[in-house]
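See below for the structure under consideration.
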Amino acid sequence: MSERGTGSSGLRSEQQAAERMARELMDMKIETAHLRERLRLRVGGDTTAAELEAEAFALQTALSEAQQTLKARETELQALDLKIEEELVKKKQAVEETEQRLTKESQGMLQAQEETWSCREKFLQEEADNYKQKLARMQTFHVELAQLLQIKDGDNTVDEQLESVEPAMLKALIVQEIDKRDVLTTKLGQMKLKLGATKRQLTSQKQLEAENTKLRAEYEKAKLAMERMATRKAKSFASVTSLPVQQRSCPSERNAGKENRLAIIKRQLDEDEAETIDLRTTPRKAQRTKHVYVASRYLSK
Numbered sequence: 001m002s003e004r005g006t007g008s009s010g011l012r013s014e015q016q017a018a019e020r021m022a023r024e025l026m027d028m029k030i031e032t033a034h035l036r037e038r039l040r041l042r043v044g045g046d047t048t049a050a051e052l053e054a055e056a057f058a059l060q061t062a063l064s065e066a067q068q069t070l071k072a073r074e075t076e077l078q079a080l081d082l083k084i085e086e087e088l089v090k091k092k093q094a095v096e097e098t099e100q101r102l103t104k105e106s107q108g109m110l111q112a113q114e115e116t117w118s119c120r121e122k123f124l125q126e127e128a129d130n131y132k133q134k135l136a137r138m139q140t141f142h143v144e145l146a147q148l149l150q151i152k153d154g155d156n157t158v159d160e161q162l163e164s165v166e167p168a169m170l171k172a173l174i175v176q177e178i179d180k181r182d183v184l185t186t187k188l189g190q191m192k193l194k195l196g197a198t199k200r201q202l203t204s205q206k207q208l209e210a211e212n213t214k215l216r217a218e219y220e221k222a223k224l225a226m227e228r229m230a231t232r233k234a235k236s237f238a239s240v241t242s243l244p245v246q247q248r249s250c251p252s253e254r255n256a257g258k259e260n261r262l263a264i265i266k267r268q269l270d271e272d273e274a275e276t277i278d279l280r281t282t283p284r285k286a287q288r289t290k291h292v293y294v295a296s297r298y299l300s301k
């Protein structure tokens, strides 16, 4: 619609320009006629030949310029007409394409609406058939009950039989609705149980994640403690191996100092081992850490 509006406004402006150019051409023709009339009047007067020639030359020049302008205007008009025709062809083509597109869309919408209405009609027909079947079953049930009641109570009238049939039907419907409600209640209880189990699983998973995080933190602490212990051990062995020369000269002093240093190193190792065991949360983990530390100590030796 916007393209159609812009195209119509463009054509209107071009038509106005063509009309304006036509009016200008008409004015130029009128002016040329006036010039010719003036020339004719001048020729019949008392002017000299030189003046007549000069005025004739001027009029001829003006006439030639007017003719050239007229030709240019005619050329512009032809070009404008050609352009207008091309625009009209394009607009017609666009209008045809738009009409085709709208026709296809309307046909598609009509087809979809027809399909929808056919499906709805089919559904309503099925519902009507179901209601008819239910009505037929109810009528059959009424007839059977009436026959049973007639056999049971031969003295009752037809009205009394019908009045006794209606409470029986109501009772059957009430029992049916109660059964449906019980089934729905059972399903709801099962869904609640499943939901509770899912919540418990989520809670246990969160607890396991928290325990995993805690154990990882304890592992990092134990790792740092073992690294500090290994550093102390390396320093102790380095101090043992780098004894002064004077102590080596005396065997008894050297043995005594060595025993003292070994006792100090052993006490430090026992303290580090106790610290490592305290970092663990359970006795089993502490025992495993102790064995690992003892094995690493023998390997380092």
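Residue numbers for the sequence shown follow the UniProt record's numbering, so the first one is 1 and each next one is one higher. Glycine included, each C-beta is placed from N, C-alpha and C at the ideal position.
- The alpha-carbon of Gly108 is positioned some 15 Å away from that of Ser118.
- Only buried fits Met229, as 16 or more other CB atoms lie within 10 angstroms of its CB.
- By the neighbour-count definition (other C-beta atoms within 10 Å, threshold 16), Ala72 is an exposed residue.
- By the Cβ neighbour-count rule, Ala225 is buried, with 16 or more other Cβ atoms within 10 Å of its own.
- Rounded to the nearest angstrom, the gap between the Cα atoms of Thr103 and Thr69 is 50 Å.
- Linking Glu31 to Leu25 through their CA atoms gives a straight-line distance of about 10 Å.
- The Cβ-Cβ distance between Leu41 and Glu55 does not fall below 8 Å.
- If you draw a straight line from the Cα of Gln205 to the Cα of Lys180, it comes to about 38 Å.
- One Cα belongs to Lys83, the other to Glu105, and the distance between them is close to 32 Å.
- Non-local C-beta neighbours of Met21 in its own chain, meaning closer than 7 Å and more than five positions away in sequence, comprise Arg73, Glu76, Leu77, ordered along the chain.
- Inclusion of Ala17 and Leu80 in the CB contact set at 8 Å is warranted, their separation being smaller than that value.
- Our two residues, Leu63 and Asp27, have alpha carbons roughly 13 Å apart in a direct line.
- Burial check for Ala222: the Cβ neighbour count within 10 Å reaches 16 or more, so the residue is buried.
- As summarised for the stretch 103 to 142, there are no continuous beta strand (DSSP E) elements at least 3 residues long confined to that stretch.
- The alpha-carbon separation between Leu195 and Lys187 amounts to approximately 12 Å.
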